[in-house]
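A.B. asks: Following this note's numbering, the numbering of the sequence shown begins with 1 at its first residue and continues without gaps. Mind having a look at this structure? Questions to follow.
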Amino acid sequence: MEEDHEVSTKDVAVETVRGPRPISELGRVLSHEHVVMLSDWNQLEYPEFAFPEGRDAAVRKINTRLKELKAAGIDSMIDCTACGHGRDIALLAEANRDVDFNIVVSTGIYTYDELPFPFKRFGPGPGEGREQDLMARMFLKDIREGIAGSGIKAGAIKVCTDRQGVTPNIDRILRVAAVVHRMTGVPITTHTNAAGKVGLDQQRIFAEEGVDLACVTIGHSGDSSDLDYLRSLMEAGSMIGADRFGFVMPGQPGLDQRVATVAALVRDGFADRIVLSHDATIHTDWWPDDPERSGFPADWTQLLIPQEVLPRLAKAGVSEADIEKMLVANPARWLAPVSPY
Ligand SMILES: [Zn+2]
């Protein structure tokens, strides 16, 4: 399977907001970001709260940030915004139109347990497989036809397991993601509660469903400094996301610790299993822009890696070649769709 990944990256294309792009042309990729995150209540009925300065201002804000990223040497990002997370594909298309920057978008479900009512009664019927589950049909539509009539196809499947662990709803979502991955070859990216080591539970369920764990990125692993936990995720074949640089919350490692963890794992020979990102958002109605009011650091933006993290990694002894692996080769290998299996 690993070899298949290597071979396919050369000539395979990945779906992006601006259409299919050759994997070899993605350049430096941030592995887990968000362009917009909106609450569906505001999205549907209170646009003045979703876009306090107007929708056009949000388009300009995103457009400017994408240009800043390109100027800072970042060429692509994987937008891990799934259903329940406030996707707005039309907004992305508008903001990305005139910028040479690749955004891979996701299908999947963002929840730590609860599911909206339709999912209670629209599971697979008697004798039907998981591909008949309402959520599987949603994921397949996003991957095969595109999201919300845009024709823009999902290039990743995003699922979550948080503090609550693998509840029955989360178990169902993970197994549907596995089935859809195997039907389409589109890779899986996850949100985890790293302190609870739930990445191991995700791997166990994906493995039970026959998933090649090389096709899975266990996200938010950089929230943990437990090297044994992180090594075991990678030894099982997955990529890990050191993907919350700049995110500072009580109980979370600070920037120095996040850099030290990546440097230690690279010294251990794991540079080909780590991807880098911030899990930052360009426009959201989940918290105010003002850091004083949001409680999040002002520098928690997608510019922190090029401006601050890469020099710190270099200072910690990480070579330019290993940085390029984490930003270019690893995301390319993971994103390259495999043949259905
Ligand atoms: Zn995220």
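For glycine and all other residues, C-beta sits at the position ideal for the given N, C-alpha and C. Keep in mind that this is a model prediction, so the values were computed, not measured.
On the criterion of 16 or more Cβ atoms from any shown chain inside 10 Å, does Pro-340 qualify as buried, or is it exposed?
C.D. replies: Sequence index remark: in the sequence shown, residue 340 carries index 340 (1-based). Answer is exposed; the Cβ neighbour count stays below 16.
A.B. asks: Just how far apart, CA to CA, sit His-220 and Ile-157?
C.D. replies: Position 220 of the sequence shown holds residue 220. Position 157 of the sequence shown holds residue 157. Going by the C-alpha atoms only, they are around 15 Å apart.
A.B. asks: Is His-32 close to ligand 1? I mean its beta-carbon at under 7 Å from any heavy atom of the ligand.
C.D. replies: Counting from 1 along the sequence shown, the entry for residue 32 is found at position 32. True, at least one ligand heavy atom lies under 7 Å from that Cβ.
A.B. asks: Measuring straight from C-alpha to C-alpha, what distance separates Gly-199 and Glu-33?
C.D. replies: Position 199 of the sequence shown holds residue 199. Position 33 of the sequence shown holds residue 33. Rounded to the nearest angstrom, the two C-alpha atoms are 19 Å apart.
A.B. asks: When you compare each of Phe-206, Ser-232, Ser-238 to Ile-218 by their alpha carbons, which one comes out closest?
C.D. replies: Taking the sequence shown and counting its residues from 1, the one referred to as residue 218 is at position 218. That would be Ser-238, whose Cα lies nearest to the Cα of Ile-218.
A.B. asks: If you scan the stretch 98 to 148 from start to end, which runs of the beta strand (DSSP E) of 3 or more residues do you find wholly inside it?
C.D. replies: Taking only runs of at least 3 residues, the beta strand (DSSP E) segments lying wholly in the stretch 98 to 148 are 102 to 108.
A.B. asks: Mind listing which residues have their beta carbon within less than 5 Å of any non-hydrogen atom of ligand 1? Chain order is fine.
C.D. replies: This selection yields Cys-80, Asp-279.
A.B. asks: Output needed for Ala-252: all residues of its chain with C-beta closer than 7 Å, excluding positions within five of it in sequence on either side, in chain order.
C.D. replies: As a working note, residue 252 is residue 252 in the sequence shown. One point to set straight first is that residue 252 is Gln, not Ala, in the sequence displayed. Contacts found: Asp-223.
A.B. asks: According to DSSP, is His-85 helix, strand or coil?
C.D. replies: For this step, residue 85 is matched to residue 85 along the sequence shown. In this structure, His-85 counts as coil in the three-state DSSP scheme.
A.B. asks: In whole angstroms, what separates the C-alpha of Ala-58 from that of Arg-175?
C.D. replies: As a working mapping, residue 58 is identified with position 58 in the sequence shown. As a working mapping, residue 175 is identified with position 175 in the sequence shown. Each residue's Cα considered, the two are about 36 Å apart.
A.B. asks: In whole angstroms, what separates the C-alpha of Glu-15 from that of Pro-331?
C.D. replies: As a first step, residue 15 is located in the sequence shown; it is residue number 15 there, counting from the start. As a first step, residue 331 is located in the sequence shown; it is residue number 331 there, counting from the start. Rounded to whole angstroms, Glu-15 to Pro-331 spans 14 Å at the Cα level.
A.B. asks: Which whole runs of the beta strand (DSSP E) in the stretch 4 to 40 are 3 residues long or more, in chain order?
C.D. replies: Complete beta strand (DSSP E) runs here, min 3: 29 to 37.
A.B. asks: Roughly how many whole angstroms lie between the Cα atoms of Asp-142 and Arg-87?
C.D. replies: Counting from one through the sequence shown, the residue named residue 142 turns up at place 142. Counting from one through the sequence shown, the residue named residue 87 turns up at place 87. Taking the straight line joining both Cα atoms gives about 12 Å.
A.B. asks: Look at the Cβ atom of Pro-124, then the Cβ atom of Asp-113, and state whether they are nearer than 8 Å.
C.D. replies: Reading the sequence shown from its first residue, position 124 is the one you call residue 124. Reading the sequence shown from its first residue, position 113 is the one you call residue 113. No, the pair does not count as a contact, with Cβ atoms beyond the cut-off.
A.B. asks: Let me confirm a value: Leu-44 is counted as buried when at least 16 other C-beta atoms fall within 10 Å, else exposed. Which label applies?
C.D. replies: If you number the sequence shown from 1, residue 44 lands on position 44. Result: exposed.
A.B. asks: What is the residue span of the beta strand (DSSP E) that Phe-159 lies within?
C.D. replies: By one-based count along the sequence shown, residue 159 stands at place 159. Checking the sequence, you will find Val at residue 159 rather than Phe. First-last of the beta strand (DSSP E) with Val-159: 156 to 161.
A.B. asks: Ignore the nearest five residues each way along the sequence and tell me which others in Arg-267's own chain have a CB closer than 8 Å to its CB.
C.D. replies: Translated into positions along the sequence shown, residue 267 becomes position 267. Cβ within range, chain order: Gly-317.
A.B. asks: Pull up the distance between the alpha-carbon of Ser-106 and that of Ser-39, whole angstroms please.
C.D. replies: Translated into the one-based positions of the sequence shown, residue 106 becomes position 106. Translated into the one-based positions of the sequence shown, residue 39 becomes position 39. About 17 Å.
A.B. asks: Going along the chain, which residues of its own chain have a beta-carbon closer than 8 Å to the beta-carbon of Leu-227, five neighbours each way excluded?
C.D. replies: By one-based count along the sequence shown, residue 227 stands at place 227. The residues are Thr-261, Ala-264, Leu-265, Asp-268.
A.B. asks: What are the partner residues of Val-275, as DSSP defines its beta bridges?
C.D. replies: Within the sequence shown, numbered from 1, the residue matching residue 275 stands at position 275. Answer is Gly-241.
A.B. asks: In terms of alpha-carbon separation, which member of Asp-212, Phe-245, Met-249 lies closest to Glu-235?
C.D. replies: Position 235 of the sequence shown holds residue 235. Measuring from the Cα of Glu-235, the nearest candidate turns out to be Asp-212.
A.B. asks: Do you know offhand how far Ala-368's Cα is from Ala-177's?
C.D. replies: Lying outside 1 to 341, the shown extent of the chain, residue 368 is not represented and no answer is given.
A.B. asks: Beta strand (DSSP E) containing Arg-282: first to last residue?
C.D. replies: By one-based count along the sequence shown, residue 282 stands at place 282. Reading off the sequence, residue 282 comes out as Ile, not Arg. Ile-282 -> beta strand (DSSP E) spans 281 to 284.
A.B. asks: For Val-328 and Lys-315, I'd like the C-alpha separation in whole angstroms.
C.D. replies: The residue you call residue 328 lines up with position 328 of the sequence shown. The residue you call residue 315 lines up with position 315 of the sequence shown. Near 20 Å, if we compare the C-alpha coordinates of Lys-315 and Val-328.
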